[in-house]
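In the numbering used here, the protein residues as written are 56 to 542.
The beta carbon of each residue, even a glycine, is placed where N, CA and C say it ideally should be.
Reading through the structure tokens given below for one structure.
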Amino acid sequence: MASQVLVAANRGPLSYAIDAEGGLSARRGGGGLVSGLSAALAEQPGALWICAALSEADREAVRRGVAEPGVRMLDIDPTVYDAAYNGIANSVLWFTHHHLYDIPREPVFDAEFRRRWDAYVAYNEAFARALAQEAAEGARVLVQDYHLALVPGQLRELRPDLRIGHFTHTPWASREFMAMLPDDIRSQLVWGMLGADRLGFHTWEWAANFITGATREDARGIAEAFFPTGTPERGVWQRRTVPDGCGLGKQRFTEVTYYPLGVDADELRALAHRPEVDEKLAQLRAEVGGLKTIARVDRTELSKNVLRGLLAYRELLTVHPEWRGRVVHLASAYPSRQDLAVYRAYTESVRELAAEINEEFGMADWKPVLVSVQDDFARSLAVYRMADVALVNPVRDGMNLVAKEIPVVSEAGCVLVLSTGAGAYAELRQDALTVNPYDVSATAEALHAALAMPAAERAERTERLAAAATALPPAQWLAAQLTDLLA
């Protein structure tokens, strides 16, 4: 039966495991995107989620015809998938959008890059074909993230009747970084995005970057510049495109705006008070004692700025020795993308720097940093509950929901130290202590001010942060995009 609402994302809402007897069992998929979309789609009867089979067990489930309601997995050749996902999405597009290149050495666009780009095109085409097959006449399709940036344009050629949206969960690169891409690749990328009726980003800044970078020469056809429409506070901009030989037949419009994803307070608080979280919390409190806590919960992703956060903590202990023996840094830094050498090296650097701080300042009865490099969601929620200070200092991030989650579940009130590079900065800056993510000394001073903040002020700030963080929870976030696709 064809679906009226479809979501396409690299990662699905579940994954499979093969037991010793060869049987398959399904479990909930990981990641913040999965969590948010799963809750939102539950309120859309008959919705279909199309995703890639990520493991051999997933691919075996597809081959056996195992199907969970509301989910279709695509068995994409593992070599094609690796070249598209690791070779392009995570090694090129992620680095471009997050401005992470070591410019004297990177990027290099050579024959190997072209081979991987062909795989990225094929990977996107697999999603476009599946969506075209499954969508009812006039259905609404929401394509998720930079992994699938070409899908809107590809799907538009297959099914011009559909209402197509694309949401980017990362920043969008500045015009200067987009210009690093080869001209034809940049053109394909932007034209793929312009296949959508509506493009969404977490912040107006990221939407504006797309607008300023999507110049005439980026589109295969005649395209007018973006112009504002609707109410100024929503920041909706529109671009008229006249197709050139792509079979669309008539001009149409792409609208660009932003939807700042928030937190479902009730769900998050319920998760944070499960028995397994209570157990982790008791363990942490026994380990920390009555000391103040500075918490961070991140993947060891290069953009998260974990190393500079640790350097700021070390400077805090150096410049303000009165905090020695009185504070513990709970640093949860979960390994990310360990199949890429640069990420493995970064994770090891985090471990080494934490060990150096403990060696330099530690005492028999005090360990300054308690670092966890295990993906332990229950421990993370326990850290949220007991945090006195939350450090969220990315150099560049799409949203960074941790900055919104911690104030929602904090028990005693939590001061948020937030960098200007976080997507959440625009919404939370009034009640956070904000810092330049590169300024280690300023971050150290912000940590000092946060630790010394009076309890009453801390509680008031936390209450306002929590209100801002829950302004657009996942179900409303998705519903707003679906409603706008009908406009």
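Determine the DSSP secondary structure at residue 164, reduced to helix, strand or coil.
Numbered from 1 along the sequence shown, position 109 holds the residue referred to as residue 164. Coil.
Using a Cβ distance threshold of 8 Å, determine whether the stretch 210-220 contacts the stretch 239-251, with at least three qualifying pairs required.
Enough Cβ pairs lie closer than 8 Å, so yes.
Tell me the residue span of the beta strand (DSSP E) that contains residue 143.
Translated into the one-based positions of the sequence shown, residue 143 becomes position 88. Premise fails: residue 143 is in no beta strand (DSSP E) and is neither H nor E.
I'd like the ranges of any beta strand (DSSP E) spanning at least 3 consecutive residues and lying wholly in the stretch 408-496.
Listed in chain order, the complete beta strand (DSSP E) runs (minimum 3 residues) inside the stretch 408-496 are 424-427, 444-447, 470-474 and 488-490.
When DSSP labels each residue in this structure, what does residue 128 get in the three-state scheme?
Position 73 of the sequence shown holds residue 128. Residue state, collapsed to three classes: strand.
Check the C-beta distance from residue 204 over to residue 170 and give it rounded, since I have them as a contact under 8 Å.
Counted from its first residue, the sequence shown places residue 204 at position 149. Counted from its first residue, the sequence shown places residue 170 at position 115. Not quite, the Cβ-Cβ distance comes to about 18 Å (not below 8 Å), so this is no contact.
How would you label residue 58, buried or exposed, when you count the other beta carbons within 10 angstroms and need 16 or more for buried?
Within the sequence shown, the letter at position 3 stands for residue 58. Residue 58 comes out buried.
Check the C-beta distance from residue 141 over to residue 395 and give it rounded, since I have them as a contact under 8 Å.
Your numbering for residue 141 matches position 86 in the sequence shown. Your numbering for residue 395 matches position 340 in the sequence shown. 7 Å between Cβ atoms; contact.
Give me, in chain order, the residues of the same chain whose beta-carbon lies closer than 8 Å to that of residue 398; leave out the 5 immediate sequence neighbours on both sides.
Mapped onto the sequence shown, residue 398 falls at position 343. For residue 398, where only same-chain residues beyond five positions count, the Cβ hits under 8 Å are 355, 356, 357, 390, 391 and 392.
Under 8 Å by Cβ, that's how I've got residue 508 and residue 470 pegged, so tell me the actual separation to the nearest angstrom.
Mapped onto the sequence shown, residue 508 falls at position 453. Mapped onto the sequence shown, residue 470 falls at position 415. That belief holds up - the Cβ atoms of residue 508 and residue 470 are roughly 5 Å apart, short of 8 Å.
Here's a check: name, in chain order, each residue in its chain whose Cβ is nearer than 8 Å to the Cβ of residue 527, leaving out the five neighbours to either side.
Here residue 527 is taken as the residue at index 472 of the sequence shown, counted from 1. Correct list, in chain order: 314, 315, 316, 317 and 535.
Can you give me the C-alpha to C-alpha distance between residue 434 and residue 352, rounded to a whole angstrom?
Position 379 of the sequence shown, counted from the first residue, corresponds to residue 434. Position 297 of the sequence shown, counted from the first residue, corresponds to residue 352. Roughly 10 Å between the two C-alpha positions.
In the DSSP assignment, what residue or residues form a beta bridge with residue 199?
Mapped onto the sequence shown, residue 199 falls at position 144. According to DSSP, residue 199 bridges with 222.
With distances taken Cα to Cα, identify the nearest neighbour of residue 556 among 524, 503 and 165.
Residue 556 is absent from the model: the chain starts at 56 and stops at 542.
For the stretch 106-122 and the stretch 357-367, state whether three or more C-beta atom pairs, one from each stretch, are separated by less than 8 Å.
Result no; under three Cβ-Cβ pairs closer than 8 Å.
Would the beta-carbon of residue 409 fall within 8 Å of that of residue 437?
For this step, residue 409 is matched to residue 354 along the sequence shown. For this step, residue 437 is matched to residue 382 along the sequence shown. Cβ atoms of residue 409 and residue 437: not closer than 8 Å.
Which residue marks the beginning of the alpha helix (DSSP H) containing residue 539, and which one marks its end?
The sequence position of residue 539 within the sequence shown is 484, counting from 1. Counting along the chain, the alpha helix (DSSP H) containing residue 539 begins and ends at 529-541.
Tell me whether residue 253 sits in a helix, a strand or coil according to DSSP, three-state version.
In the sequence shown, the residue the question calls residue 253 occupies position 198. Strand.
So residue 125 and residue 108 are in contact, right, with Cβ under 8 Å, and what is the actual spacing, rounded?
Position 70 of the sequence shown, counted from the start, is the residue given in the question as residue 125. Position 53 of the sequence shown, counted from the start, is the residue given in the question as residue 108. In fact, because the Cβ distance is near 16 Å, the residues do not count as touching under 8 Å.
Residues in its own chain within less than 6 Å of residue 302 by CB, not counting five upstream and five downstream?
Within the sequence shown, the letter at position 247 stands for residue 302. Below a pLDDT of 50, predicted positions are generally treated as unreliable, and residue 302, at 40, falls in that range; no measurement from the model is reported.
Within the continuous alpha helix (DSSP H) that includes residue 113, where are the two ends?
Residue mapping note: residue 113 aligns to position 58 of the sequence shown, counting from 1. Its alpha helix (DSSP H) spans residues 111-119.
Identify whether residue 156 lies in helix, strand or coil by the three-state DSSP scheme.
Against the sequence shown, residue 156 aligns to sequence position 101. Here residue 156 sits in coil by DSSP.
Under the three-state reduction of DSSP, which class applies to residue 392: helix, strand or coil?
To locate residue 392, count along the sequence shown from 1; it is residue 337. Of the three classes helix, strand and coil, the one that applies to residue 392 here is coil, per DSSP.
One question on the structure: do residue 443 and residue 359 come within less than 8 Å of each other, judged by their Cβ atoms?
Looking up residue 443 in the sequence shown gives position 388. Looking up residue 359 in the sequence shown gives position 304. In this structure, residue 359 does not lie closer than 8 Å to residue 443 by Cβ.
What is the rounded straight-line gap between the Cα of residue 499 and the Cα of residue 136?
Taking the first residue of the sequence shown as 1, we reach residue 499 at position 444. Taking the first residue of the sequence shown as 1, we reach residue 136 at position 81. Those two C-alpha atoms are separated by around 42 Å.
Given a threshold of 16 other Cβ atoms within 10 Å of its Cβ, counted over all protein chains shown, does residue 349 qualify as buried or as exposed?
For the purposes of this step, residue 349 is taken as the residue at position 294 of the sequence shown. Classification of residue 349: buried, given that the 10 Å Cβ count is 16 or more.
By the 10 Å Cβ neighbour count, where 16 or more other Cβ atoms means buried, how is residue 538 classified, buried or exposed?
Against the sequence shown, residue 538 aligns to sequence position 483. The residue is exposed, with fewer than 16 neighbouring Cβ atoms inside 10 Å.
Going by other Cβ atoms of all chains shown within 10 Å of its Cβ, with 16 needed for buried, is residue 308 buried or exposed?
The count along the sequence shown starts at 1 and reaches residue 308 at position 253. Exposed.
Does residue 134 come out as helix, strand or coil in the three-state DSSP assignment?
To locate residue 134, count along the sequence shown from 1; it is residue 79. Note: residue 134 maps to helix in three-state DSSP.
Can you tell me where the beta strand (DSSP E) with residue 63 in it begins and where it stops?
Counted from its first residue, the sequence shown places residue 63 at position 8. Looking at the DSSP string, the run of the beta strand (DSSP E) that includes residue 63 is 58-63.
If you draw a straight line from the C-alpha of residue 344 to the C-alpha of residue 441, how long is it?
Walking along the sequence shown from the start, residue 344 turns up at place 289. Walking along the sequence shown from the start, residue 441 turns up at place 386. Going by the C-alpha atoms only, they are around 11 Å apart.
Rounding to the nearest angstrom, what Cα-Cα distance links residue 150 and residue 168 in this structure?
For the purposes of this step, residue 150 is taken as residue 95 along the sequence shown, with counting starting at 1. For the purposes of this step, residue 168 is taken as residue 113 along the sequence shown, with counting starting at 1. Whole-angstrom Cα-Cα distance: 14 Å.
With three or more C-beta pairs closer than 8 Å as the rule, is the stretch 374-384 touching the stretch 415-424?
A contact exists between the stretch 415-424 and the stretch 374-384.
Verify whether the separation of the beta carbon atoms of residue 370 and residue 495 is less than 8 Å.
In the sequence shown, the residue the question calls residue 370 occupies position 315. In the sequence shown, the residue the question calls residue 495 occupies position 440. Yes, the pair counts as a contact, with Cβ atoms nearer than the cut-off.
Where does residue 82 sit, in a helix, a strand or coil, going by DSSP?
Here residue 82 is taken as the residue at index 27 of the sequence shown, counted from 1. In this structure, residue 82 counts as strand in the three-state DSSP scheme.
At the level of alpha carbons, what is the spacing between residue 176 and residue 336?
Mapped onto the sequence shown, residue 176 falls at position 121. Mapped onto the sequence shown, residue 336 falls at position 281. Distance between the alpha carbons of residue 176 and residue 336: 46 Å.
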